[in-house]
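Just so you know, we're using full-length UniProt numbering here: the sequence shown kicks off at 1 and counts up by one. Note that beta-carbon positions come from the ideal geometry of N, C-alpha and C, so glycine has one too.
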Amino acid sequence: MNEASSDHDKETLRNYIRRYTLGILAELYIISETFQDITKLANTMESIDEDTIDVNNVTNMSNPPIDEYGYYYYQNIDELQKPQYLREKDRFILTIVIYSIAFIIGIIGNLLVVFAMLGDKKARSVTTLFLVSLAVSDLLFLLICVPYETSRYFLGHWSGGMALCKISGFCEMLSAVASILNLTAVSVERYIVIVHPMRSRSWCTIGSAKKIIVIVWIASCLLSAPVAYVTGLREDKFYNGDQRLIMAECIDSLMNMERYIFAWYQLIVMFAVPTYIMVFCYARVIYVLWISTKELAKMTQRSQQRDSSHQRLVQASSNHRDSSVIKKAAKDHSADIQNARKQVIKMLITIILVFLICWGPKLILRIISRYPFKDHMNSYWRQDFVTLKVAMNLLPYIQSATNPIVYGFMSSSFRRSMMTACRSKDSIRSVTRSGGDIEMGSKSINGTTQTGWHTSSRFTPSPSRSKEFGCKDVERDCAQ
């Protein structure tokens, strides 16, 4: 009896374990099926989200998903083929107006710089060669990049092919890098002339300037070469029912992280290193000019005190009138030099600020736009980001348009060269200039090198030659 009861209990326990095990397996099966359903549902929702995404979000994605059908466009698919200016009318008018103004002013201004510098053979110097090279690079930058950027507003998609896409990208970066390196070369040349005047007599020569300009353009080509590998075509597929559309876009064809690294490369080559060099050179130049201006003011004050103490002797002299003319001329000469140096200090500060403002925001924003995880933050402010990107892209063209004004029209030597180049060759010999034009550079007088700023006239203390004051040009080495 006990054995039968024991067998019954064992059988009951086995049945209970069997049912419990089957129950667990059934629950696991249900959970597995439910998980698969949830996964399918999530994939479906993700697919729906991708299919209904706005075209602005679609075209800005750096890595589109691989799908034989592409992206679903819920509006009329023919809208995608319309030019960008029809889809972005709010930004189009202002953008095109700014592009046009920068293009016209930049082309005319830089052509005038080249015409003036090359037309006046007497004014050719190391600085003028660098300014001509800078003007040529700015001309290329405006002639290549402005039409290229503007065409994006009138074309629905890229239709130039892979080769033209790579050539366009290379030429765009080449002209930009050449402009920046020429700006850097000008800053180094002025640093040597002002801070190291003795070395400038052997370093700042026409021959060395030509070699440096060739090196600048070769370096620009080498530094721009990677963009030919980076730039490429990306084809996006769109569909809406039976309609199919493939749109090509000429952009950076790398993956997210590679585009991010290349953006850092551009920031270092085109902004960080040139900024460091220009800030260092111009800071030293400003310091030297500021100190020398203060010393000149002290010397002028002491000279006036000495003149005051000897006034009675001068009044008793028969050459009182000539001495008064000479004293007044010397005083005016000193004041002109001080004012000119202060003007140049302001100009150098302006050069640095314009470069920082025009190139820094664009290249920094490019890094942000290439950030691998930017899609998560851009979803909230994508429209504002696109508007900001358009505005930042305009700034470098504004700088190329203002360079002739800053480097050329603010210079008295440029204005004189412009007047000389506009006159006939027969009248060039008869051109004379009165005193007061201040030039930056170095000169040698009686075996002594004087550096910084000098006048285009010689001050001669002899009364018999007082009428010649302001009529003789000083030989200029490395002068602007």
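**Whether residue 269 touches residue 223 by CB criterion (9 Å)** = Taking the sequence shown and counting its residues from 1, one reaches residue 269 at position 269. Taking the sequence shown and counting its residues from 1, one reaches residue 223 at position 223. Cβ atoms of residue 269 and residue 223: closer than 9 Å.
| query | Do the CB positions of residue 217 and residue 367 come within less than 9 Å of each other? | reply | As a first step, residue 217 is located in the sequence shown; it is residue number 217 there, counting from the start. As a first step, residue 367 is located in the sequence shown; it is residue number 367 there, counting from the start. No, the Cβ-Cβ distance between residue 217 and residue 367 is not below 9 Å.
Quiz item: Under three-state DSSP, which class holds residue 116?
Solution: Start at 1 with the first residue of the sequence shown, and residue 116 comes out as number 116. In the structure shown, residue 116 sits in a helix (DSSP, three-state: H, G or I).
Could you please give me the residues that DSSP links to residue 231 through a beta bridge?
As a first step, residue 231 must be located in the sequence shown, where it is residue number 231. DSSP output for residue 231 lists 252 as bridge partner(s).
Q.
For residue 219, which residues in the same chain have their Cβ closer than 7 Å to its Cβ, ignoring the five residues on either side in sequence?
A. For the purposes of this step, residue 219 is taken as the residue at position 219 of the sequence shown. Contacts found: 181.
For residue 416, the three-state DSSP class (helix, strand or coil)
The residue labelled residue 416 in the question sits at position 416 within the sequence shown. Reduced to three states, the DSSP call for residue 416 is helix.
For this session: Return the chain-ordered list of same chain residues with a C-beta closer than 7 Å to the C-beta of residue 251, the five sequence neighbours on each side being excluded.
Result: Position 251 of the sequence shown, counted from the first residue, corresponds to residue 251. 234.
| task | Please state whether DSSP places residue 91 in a helix, a strand or coil. | result | Along the sequence shown, one-based indexing puts residue 91 at 91. Here residue 91 sits in helix by DSSP.
### Query
From 228, 194, 120, pick the residue whose C-alpha is nearest to that of residue 290; which is it?
For the purposes of this step, residue 290 is taken as residue 290 along the sequence shown, with counting starting at 1. It is 194.
At which residues does the alpha helix (DSSP H) containing residue 203 begin and terminate?
Your numbering for residue 203 matches position 203 in the sequence shown. Its alpha helix (DSSP H) spans residues 197-203.
Please report the straight-line C-alpha distance between residue 354 and residue 98, rounded to a whole angstrom. For the purposes of this step, residue 354 is taken as the residue at position 354 of the sequence shown. For the purposes of this step, residue 98 is taken as the residue at position 98 of the sequence shown. Here the alpha carbon of residue 354 sits roughly 17 Å from the alpha carbon of residue 98.
Inset, instruction - Determine which residues share a DSSP beta bridge with residue 240 and list them. - result: In the sequence shown, counting from the first residue as 1, residue 240 sits at position 240. For residue 240, which the question treats as bridged, DSSP gives the partners 243.
request  = State the start and end residues of the unbroken alpha helix (DSSP H) segment that holds residue 409.
outcome  = Indexing the sequence shown from 1 puts residue 409 at position 409. It is not in any alpha helix (DSSP H) - residue 409 carries neither H nor E in the DSSP assignment.
Residue range of the unbroken alpha helix (DSSP H) whose run includes residue 268: The residue you call residue 268 lines up with position 268 of the sequence shown. Careful: residue 268 lies outside any alpha helix (DSSP H) and carries neither H nor E.
Could you tell me the alpha carbon to alpha carbon distance between residue 185 and residue 109, rounded to whole angstroms?
Against the sequence shown, residue 185 aligns to sequence position 185. Against the sequence shown, residue 109 aligns to sequence position 109. Residue 185 and residue 109: Cα-Cα distance of roughly 20 Å.
What does the Cβ neighbour count give for residue 214, buried or exposed, with the cut at 16 atoms within 10 Å? As a working note, residue 214 is residue 214 in the sequence shown. Residue 214 should be labelled exposed.
TODO: Measuring alpha carbon to alpha carbon, tell me which of 286, 262, 127, 158 ends up nearest residue 204.
DONE: On the sequence shown, position 204 is the one that residue 204 refers to. Nearest option by C-alpha distance: 127.
**Message:** Below 8 Å on the Cβ atoms is my contact criterion, and I expect residue 358 with residue 395 to pass it. Report the Cβ-Cβ distance as a whole number of Å.
**Reply:** Start at 1 with the first residue of the sequence shown, and residue 358 comes out as number 358. Start at 1 with the first residue of the sequence shown, and residue 395 comes out as number 395. Indeed, because the Cβ distance is near 4 Å, the residues count as touching under 8 Å.
Leaving out five residues before and five after residue 371 in sequence, what residues of the same chain have Cβ atoms less than 7 Å from its Cβ? Translated into positions along the sequence shown, residue 371 becomes position 371. Around residue 371: 260.
Item to complete: Taking the CB atoms as reference points, tell me whether residue 157 and residue 248 lie closer together than 9 Å.
Response: On the sequence shown, position 157 is the one that residue 157 refers to. On the sequence shown, position 248 is the one that residue 248 refers to. In this structure, residue 248 lies closer than 9 Å to residue 157 by Cβ.
Under 7 Å Cβ to Cβ from residue 345, same chain only, skipping five residues before and after it: list those, please. The residue you call residue 345 lines up with position 345 of the sequence shown. Sequence-distant partners of residue 345 (beyond 5 residues in either direction) whose C-beta falls short of 7 Å from its own C-beta, in its chain, are 286, 289, 290.
Alpha carbon of residue 342 to alpha carbon of residue 296, nearest angstrom: On the sequence shown, residue 342 is found 342 positions in, with the first residue counted as 1. On the sequence shown, residue 296 is found 296 positions in, with the first residue counted as 1. Rounded to the nearest whole angstrom, the CA to CA distance from residue 342 to residue 296 is 12 Å.
Tell me whether the beta-carbon of residue 397 lies closer than 9 Å to the beta-carbon of residue 142. Taking the first residue of the sequence shown as 1, we reach residue 397 at position 397. Taking the first residue of the sequence shown as 1, we reach residue 142 at position 142. Contact: yes.
Practice task
Would you kindly report the start and end of the unbroken alpha helix (DSSP H) that includes residue 404?
Solution key: Translated into the one-based positions of the sequence shown, residue 404 becomes position 404. Neither: residue 404 is in no alpha helix (DSSP H) and is coded neither H nor E.
- Taking the alpha-carbon positions, what's the residue 293 to residue 408 distance? Reading the sequence shown from its first residue, position 293 is the one you call residue 293. Reading the sequence shown from its first residue, position 408 is the one you call residue 408. Roughly 23 Å separates the two Cα atoms.
**Request:** Give the straight-line distance between the Cα atoms of residue 175 and residue 138, rounded to the nearest whole angstrom.
**Result:** The residue labelled residue 175 in the question sits at position 175 within the sequence shown. The residue labelled residue 138 in the question sits at position 138 within the sequence shown. Roughly 7 Å separates the two Cα atoms.
Quiz prompt | DSSP state of residue 340 mapped onto helix, strand, coil | solution = The count along the sequence shown starts at 1 and reaches residue 340 at position 340. Three-state DSSP puts residue 340 in a helix.
* In three-state terms, what does DSSP make of residue 106? -> Here residue 106 corresponds to residue number 106 of the sequence shown, with the count starting at 1. In this structure, residue 106 counts as helix in the three-state DSSP scheme.
Residue 112 versus residue 129: straight-line alpha-carbon distance, rounded: Here residue 112 refers to the residue found at position 112 when the sequence shown is read from its first residue. Here residue 129 refers to the residue found at position 129 when the sequence shown is read from its first residue. Answer to the nearest angstrom: the Cα atoms are 14 Å apart.
| request: In the DSSP assignment, find the unbroken alpha helix (DSSP H) run with residue 219 in it and report its ends. | output: The residue you call residue 219 lines up with position 219 of the sequence shown. Counting along the chain, the alpha helix (DSSP H) containing residue 219 begins and ends at 206-224.
Open item on the list: As a quick exercise: from 147, 391, 418, pick the residue whose alpha carbon is nearest that of residue 482.
Closed with: One cannot answer for residue 482 here, as it falls past the ends of the chain, which runs 1 to 480.
Beta carbon of residue 132 nearer than 9 Å to that of residue 170: Translated into positions along the sequence shown, residue 132 becomes position 132. Translated into positions along the sequence shown, residue 170 becomes position 170. Cβ distance not < 9 Å, so residue 132 and residue 170 don't count as in contact.
Exercise for the section: Output the boundary residues of the alpha helix (DSSP H) element that contains residue 152. Expected result: The residue given as residue 152 occupies position 152 in the sequence shown. Run containing residue 152: 126-154, per the alpha helix (DSSP H) assignment.
In angstroms with no decimal places, state the Cα-to-Cα distance between residue 417 and residue 120. As a working mapping, residue 417 is identified with position 417 in the sequence shown. As a working mapping, residue 120 is identified with position 120 in the sequence shown. So the two alpha carbons sit approximately 5 Å from each other.
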